[in-house]
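**Student:**
Number of protein chains: 2
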Amino acid sequence: MKATILYGPRDVRVEQRPKPTIQHPTDAIIKLAAACVCGSDLWPYRGTDAVADPIAMGHEYCGIVEEVGADVTSITPGQFVVGSFFTSDNTCEICQAGYQSGCMHREGINGSQAEYMRVPLADGTLVATPELPPADKIPSLLAASDVLGTGWFAAVAAEAGPGKTVAVVGDGAVGLLGILAAKQLGADRIIAMSRHADRQALAREFGATDIVEERGDDGVQKIKDLTGGYGAHSVIEAVGTQESMLQAIRATRRGGHVGYVGVAHDVSLDGQELFFSHVHLHGGPAPVRDYLPHLIDLILNGEIDPGKVFDLEVPLDQAAEAYQAMDERRAIKALLRV
Amino acid sequence: MKATILYGPRDVRVEQRPKPTIQHPTDAIIKLAAACVCGSDLWPYRGTDAVADPIAMGHEYCGIVEEVGADVTSITPGQFVVGSFFTSDNTCEICQAGYQSGCMHREGINGSQAEYMRVPLADGTLVATPELPPADKIPSLLAASDVLGTGWFAAVAAEAGPGKTVAVVGDGAVGLLGILAAKQLGADRIIAMSRHADRQALAREFGATDIVEERGDDGVQKIKDLTGGYGAHSVIEAVGTQESMLQAIRATRRGGHVGYVGVAHDVSLDGQELFFSHVHLHGGPAPVRDYLPHLIDLILNGEIDPGKVFDLEVPLDQAAEAYQAMDERRAIKALLRV
Chain A
1 MKATILYGPR DVRVEQRPKP TIQHPTDAII KLAAACVCGS DLWPYRGTDA VADPIAMGHE
61 YCGIVEEVGA DVTSITPGQF VVGSFFTSDN TCEICQAGYQ SGCMHREGIN GSQAEYMRVP
121 LADGTLVATP ELPPADKIPS LLAASDVLGT GWFAAVAAEA GPGKTVAVVG DGAVGLLGIL
181 AAKQLGADRI IAMSRHADRQ ALAREFGATD IVEERGDDGV QKIKDLTGGY GAHSVIEAVG
241 TQESMLQAIR ATRRGGHVGY VGVAHDVSLD GQELFFSHVH LHGGPAPVRD YLPHLIDLIL
301 NGEIDPGKVF DLEVPLDQAA EAYQAMDERR AIKALLRV
Chain B
1 MKATILYGPR DVRVEQRPKP TIQHPTDAII KLAAACVCGS DLWPYRGTDA VADPIAMGHE
61 YCGIVEEVGA DVTSITPGQF VVGSFFTSDN TCEICQAGYQ SGCMHREGIN GSQAEYMRVP
121 LADGTLVATP ELPPADKIPS LLAASDVLGT GWFAAVAAEA GPGKTVAVVG DGAVGLLGIL
181 AAKQLGADRI IAMSRHADRQ ALAREFGATD IVEERGDDGV QKIKDLTGGY GAHSVIEAVG
241 TQESMLQAIR ATRRGGHVGY VGVAHDVSLD GQELFFSHVH LHGGPAPVRD YLPHLIDLIL
301 NGEIDPGKVF DLEVPLDQAA EAYQAMDERR AIKALLRV
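This is the structure in structure tokens:
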């Protein structure tokens, strides 16, 4: 089968690899409906995260179950499923508290930018749709497996909701879907921080009421100006750099909430600044599994269309172009036709 | 009047100073019922916080209102009042959200280790008792003004409550009263981290069910051993050092809550560790004003006795001995008779 392999900085190749097989009785094998490139894939692509050996890329996925291991009881071949980038048993205390991405038995997913993939802990990780979805829902269901689920978690962690002003740092797919999530959660006002016209347009479509183009201290000041000097009640951080984290913390009012989902890179937080900021800080890998049933419903009922973040579509063979387009910010998010 | 002045590291003197007067129409002058030394006073006492000029010490207080400014409407001379270490207007959006210590017009309190003090923003800062309290309630009411309110905030920030296991890092007055607060909030199990017999005894009296003497990584492992490998649901951090913050974060289960109230000193948090810890992190200066009405009720009804943290009592003249005893950990908390 075809699979996308990263050999080193900016060296992505689509190669023939053996089709995965059941390794454990709790595994499932899935035939992918489509694949895509994540903003977090750019960290190793750019060399920010070192890559020692060639790695099979991709952790976002949906598709048809091809085969299941002997112990899998709730998922059956032929079903259409969506899963999360961390597997989960969905039974441990962490899972039961809604933090499946922190499952005591979690494994990270790799290799979904391919024709087939193996998903461990299938029962606790995969969510099946009621019936096979129409083709036009595939991009949105694929988005649910990470960027939508991650934006949703950011909005939940930032306690977006009625009466709240939410600011969003980061205009990638996760930030944009954080806007969609904040809107769904009932936020009164949503401020997108973006200086790209195409992303601003999508931000408004997803529910942003204001756009702030300034960054850093200027961006923080603009948020304060828009909120009576207090800062936003809720701030979503969807980048993962020192600058974006500080921008998020400083744009939040005292007692407010920062939901951070950008995978932190070289971020170091000064304890005293954090102490006096008075913010609630919560984030990490999103417990997508917890939100999937609800997100799938919203998508299949036509209430949300997160698939709009895909503004580039190429065949799997051209994965390298998909990476390059996202790296150069020519594309928000690239879908790979399998 | 007599006032306690810090001149430099370990140089505390009680001197004659002018009795404070009304400076603004929103001020009140209070005759202190008693004074005390705070764990945070030890930072400048030890020279960790530099002291450029001599400073009037003390930010915990209760006493009788002697005089009020022309604009003060809710507080009258002759009332017994308790206040917080940050003044608050109690009307701005931050105050209304329950974060009075983050009030947009807050001022820090100084000079309460004295016979009289001036309290700005009296209406929004002070809470009067229904009638003059009996003398034996004074230590508890004094504790409410900071250490109890701060321990309470830590427990609230850590989301201590029914069904929860709470671990407490720090066995000073704030940590011990964090235990009392967790108990009041209904926590199932409370693990005190302490290696001092006298503090362990008080911890148990306040509601601790388990004691862990180990620190650092060993202490973290012990908490995990006691919680099925998961870590505590809620962890109170009441010290403010790098070691104590990491101990608190690492002892918390994924998805759990850290409430930190130790004033952070040279603390730097690695973004990636925080991200993957999956904890909720919240803390800062406690909004004591928000809790005071409830805490005063609990004290006057005899439901709690936080004044037990005072294990040394000396006349105000001997403030230097009070500082030294706390510095040398001979005393948990020292009360100064005014």
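So the sequences go chain by chain: A and B.
First residue of the first sequence? That's 1 in UniProt numbering, and the numbers climb one at a time after it.
First residue of the second sequence? That's 1 in UniProt numbering, and the numbers climb one at a time after it.
Think of the CB as a built atom: it goes at the ideal place given N, C-alpha and C, for glycine as much as any other residue.
None of these values were measured; they are calculated from a predicted model.
#1: In the DSSP output, which residue or residues are listed as bridge partners for A/T252?
#2: So with CB distances below 7 angstroms, who are the chain A contacts of B/G271?
#3: Scan the region 161 to 201 of chain A and note each continuous alpha helix (DSSP H) run of 4 residues or more that stays entirely inside, going in chain order.
#4: Less than 6 angstroms between C-beta atoms, sequence neighbours within five positions excluded: which residues of the same chain meet that for B/A251?
#5: Is B/P99 close to chain A, meaning its C-beta is less than 8 angstroms from at least one C-beta of that chain?
#6: Report the three-state DSSP secondary structure of B/E273 (helix, strand or coil).
#7: Can you check the region 58 to 102 of chain B for any alpha helix (DSSP H) of at least 4 residues that lies completely inside it and give the ranges in chain order?
#8: Any contact between the region 188 to 200 of chain B and the region 126 to 135 of chain B? By contact I mean 3 or more CB pairs, one from each, below 8 angstroms.
#9: Hey, how far is the Cα of B/G8 from the Cα of B/Y99?
#10: Measure from the alpha carbon of A/A182 to the alpha carbon of each residue in A/T241, A/A160, A/S140, A/R199, then state which is nearest.
#11: Say whether the region 51 to 63 of chain B touches the region 106 to 117 of chain B, bearing in mind that this needs 3 or more beta-carbon pairs closer than 8 angstroms, one atom from each stretch.
#12: Among B/R254, B/V51, B/L126, B/Q247, which has the Cα closest to the Cα of A/M104?
#13: Kindly list, in the order they appear in chain B, the residues whose Cβ is closer than 7 angstroms to that of A/R253.
#14: Taking only the alpha-carbon atoms, compute the straight-line gap between B/V68 and B/L316 and give it to the nearest angstrom.
#15: With 8 angstroms set as the bound, which would you pick, yes or no: does the beta-carbon of B/L281 sit closer than that to a beta-carbon of chain A?
#16: Report the three-state DSSP secondary structure of B/V263 (helix, strand or coil).
#17: Tell me which residue opens and which closes the beta strand (DSSP E) that A/A334 is part of.
#18: 8 angstroms is my cut-off, CB to CB: does B/M104 come that close to chain A?
#19: Around the C-beta of B/R330, are 16 or more other C-beta atoms found within 10 angstroms, so that it is buried, or is it exposed?
#20: Which bits of chain C does A/Y230 rub up against, with CB to CB less than 9 angstroms?
#21: Along chain A, in chain order, which residues have C-beta atoms closer than 9 angstroms to that of B/L274?
#22: Taking 8 angstroms as the threshold, find out whether the region 272 to 291 of chain B comes into contact with the region 277 to 289 of chain A through three or more Cβ pairs.
#23: Is A/I109 helix, strand or coil when you go by DSSP?
#24: Just checking: is the beta-carbon of A/H278 within a distance shorter than 8 angstroms of some beta-carbon in chain B?
#25: For a test of the three-state rule: what should DSSP assign to B/Q16, helix, strand or coil?
#26: B/L6 by DSSP, collapsed to three states: which one?
#27: Can you find the residues in the same chain that come closer than 8 angstroms, C-beta to C-beta, to A/I296, ignoring five residues on each side of it along the sequence?
#28: When burial is assigned at 16 or more other CB atoms within 10 Å of the CB, is B/A70 buried or exposed?
#29: Can you tell me the Cβ-Cβ gap for A/K137 and A/I30, rounded? I've got them flagged as a contact below 8 angstroms.
#30: What would DSSP say about B/P25, mapped onto helix, strand or coil?
#31: Using C-beta distances below 7 angstroms, list every residue in its chain close to B/D327, excluding the 5 sequence neighbours before and after it, in chain order.
#32: Should A/T48 be labelled buried (16 or more other beta-carbon atoms within 10 Å of its own) or exposed?
#33: Name, in chain order, the residues that DSSP records as bridge partners for B/S268.
#34: Determine the contact status of B/D171 and B/C38, defining contact as a CB-CB distance below 8 angstroms.
#35: Which residues mark the beginning and the end of the beta strand (DSSP E) in which B/I211 is found?
#36: Go ahead and pull the three-state DSSP assignment for A/V51.
**Tutor:** According to the structure shown:
#1: As a working note, residue 252 of chain A is residue 252 in the first sequence. Its beta-bridge partners are A/A232.
#2: Taking the second sequence and counting its residues from 1, the one referred to as residue 271 of chain B is at position 271. What B/G271 touches in chain A: M245, A264, V267, S268, L269.
#3: 173 to 184
#4: For the purposes of this step, residue 251 of chain B is taken as residue 251 along the second sequence, with counting starting at 1. Excluding positions up to five away in sequence, the list reads A167, V220, I223, G231, A232, V235.
#5: Residue 99 of chain B sits at position 99 when you count from the first residue of the second sequence. As written in the sequence, residue 99 of chain B is Tyr, which differs from the Pro given in the question. At least one chain A Cβ lies under 8 angstroms of B/Y99.
#6: As a first step, residue 273 of chain B is located in the second sequence; it is residue number 273 there, counting from the start. In this structure, B/E273 counts as helix in the three-state DSSP scheme.
#7: 93 to 96
#8: no
#9: Translated into positions along the second sequence, residue 8 of chain B becomes position 8. Translated into positions along the second sequence, residue 99 of chain B becomes position 99. Approximately 32 angstroms, taken between the alpha carbons.
#10: The sequence position of residue 182 of chain A within the first sequence is 182, counting from 1. A/A182 has its Cα closest to that of A/A160, out of A/T241, A/A160, A/S140, A/R199.
#11: yes
#12: Taking the first residue of the first sequence as 1, we reach residue 104 of chain A at position 104. Of the listed residues, the one whose Cα sits closest to A/M104 is B/R254.
#13: The sequence position of residue 253 of chain A within the first sequence is 253, counting from 1. Within 7 angstroms Cβ-Cβ: I94.
#14: Taking the first residue of the second sequence as 1, we reach residue 68 of chain B at position 68. Taking the first residue of the second sequence as 1, we reach residue 316 of chain B at position 316. One C-alpha to the other measures close to 25 angstroms.
#15: Position 281 of the second sequence, counting from 1, holds the residue named residue 281 of chain B. So yes, B/L281 belongs to the interface.
#16: Along the second sequence, one-based indexing puts residue 263 of chain B at 263. Of the three classes helix, strand and coil, the one that applies to B/V263 here is coil, per DSSP.
#17: Counted from its first residue, the first sequence places residue 334 of chain A at position 334. First-last of the beta strand (DSSP E) with A/A334: 333 to 337.
#18: Stepping through the second sequence from its first residue, residue 104 of chain B is reached at position 104. With 8 angstroms as the cut-off, B/M104 counts as an interface residue toward chain A.
#19: Here residue 330 of chain B is taken as the residue at index 330 of the second sequence, counted from 1. Around the beta carbon of B/R330, fewer than 16 other beta carbons lie within 10 angstroms, which makes this residue exposed.
#20: Absent from the structure: chain C. Protein chains present are A and B.
#21: In the second sequence, the residue the question calls residue 274 of chain B occupies position 274. Those within 9 angstroms of B/L274 in chain A are Y260, A264, V267, L269, L281, G283, G284.
#22: Three or more Cβ pairs closer than 8 angstroms define a contact, and the region 272 to 291 of chain B meets that threshold against the region 277 to 289 of chain A.
#23: Taking the first sequence and counting its residues from 1, one reaches residue 109 of chain A at position 109. Coil, per DSSP.
#24: Taking the first sequence and counting its residues from 1, one reaches residue 278 of chain A at position 278. Closer than 8 angstroms to some Cβ of chain B, the Cβ of A/H278 qualifies, so yes.
#25: On the second sequence, position 16 is the one that residue 16 of chain B refers to. B/Q16: strand per DSSP, three-state reduction.
#26: Here the question's residue 6 of chain B lines up with position 6 in the second sequence. Reduced to three states, the DSSP call for B/L6 is strand.
#27: Here residue 296 of chain A refers to the residue found at position 296 when the first sequence is read from its first residue. Closer than 8 angstroms at Cβ, skipping near neighbours: V82, V127, T129, L141, A144.
#28: For the purposes of this step, residue 70 of chain B is taken as the residue at position 70 of the second sequence. B/A70 is exposed by the Cβ-count criterion.
#29: As a working note, residue 137 of chain A is residue 137 in the first sequence. As a working note, residue 30 of chain A is residue 30 in the first sequence. About 17 angstroms; that fails the 8 angstroms criterion.
#30: As a working note, residue 25 of chain B is residue 25 in the second sequence. Of the three classes helix, strand and coil, the one that applies to B/P25 here is coil, per DSSP.
#31: Within the second sequence, residue 327 of chain B is the residue found at index 327, counting from 1. Once the five neighbours on either side are set aside, the close Cβ partners of B/D327 are L42, Y45, R46.
#32: Counting from 1 along the first sequence, the entry for residue 48 of chain A is found at position 48. Result: exposed.
#33: Counting from one through the second sequence, the residue named residue 268 of chain B turns up at place 268. A/D270.
#34: Within the second sequence, the letter at position 171 stands for residue 171 of chain B. Within the second sequence, the letter at position 38 stands for residue 38 of chain B. Not closer than 8 angstroms, so no.
#35: Position 211 of the second sequence holds residue 211 of chain B. First-last of the beta strand (DSSP E) with B/I211: 210 to 212.
#36: Translated into the one-based positions of the first sequence, residue 51 of chain A becomes position 51. Coil.
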